[in-house]
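Reading through the C-alpha cells given below for one structure.
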C-alpha cells in the first residue's frame, strides 16, 4: 500500500486563534464562510474549502479505486460540502467528524 501526503489536506490555518478554546471563539461563525471577514488573521474559509475541493477533483481524475484519508476534523467540512449542499443556517460544526469518526464517499 502506498502512502502519500498532500498539503491541501492540512487543517485550516487558525492564525492568531490557534489554540483558542470554544469560550474564546464563536466557532459557529468561524466555520461559516459568510463570516470569514470576522477572522482576518486566519485562512479564509472559502480558500480552505477550495484547496480541499481541488484535491478531491484531482482524486476523481485518478485511477485509484479505494482511498483512505486521515486528517484533522476541520478537513471533514470541505469534504462534506463537496458531496452535499451547505446548510442554510451556516452551522457547519454539526457536520464535522469527531475524533476517530469515519465518513465514506463515492466519487
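In this note's numbering, the protein residues as written are 1 to 107. Each residue gets a CB set at the ideal place from its N, CA and C atoms; glycine is no exception.
- Distance from the Cα of residue 57 is smallest, within the candidate group 82, 89 and 98, for 82.
- Taking the Cβ atoms as the reference, residue 32 lies roughly 4 Å from residue 90, within the contact range of under 8 Å.
- When C-alpha distances from residue 98 are compared across 107, 77, 87 and 105, the shortest belongs to 77.
- If you draw a straight line from the Cα of residue 34 to the Cα of residue 26, it is about 13 Å long.
- In the DSSP annotation of this structure, the continuous segment of the alpha helix (DSSP H) that includes residue 56 starts and ends at 45–61.
- Taking C-alpha positions only, residue 102 is separated from residue 41 by approximately 30 Å.
- Rounded to whole angstroms, the Cβ separation of residue 52 and residue 9 is 7 Å, and the two are in contact under 8 Å.
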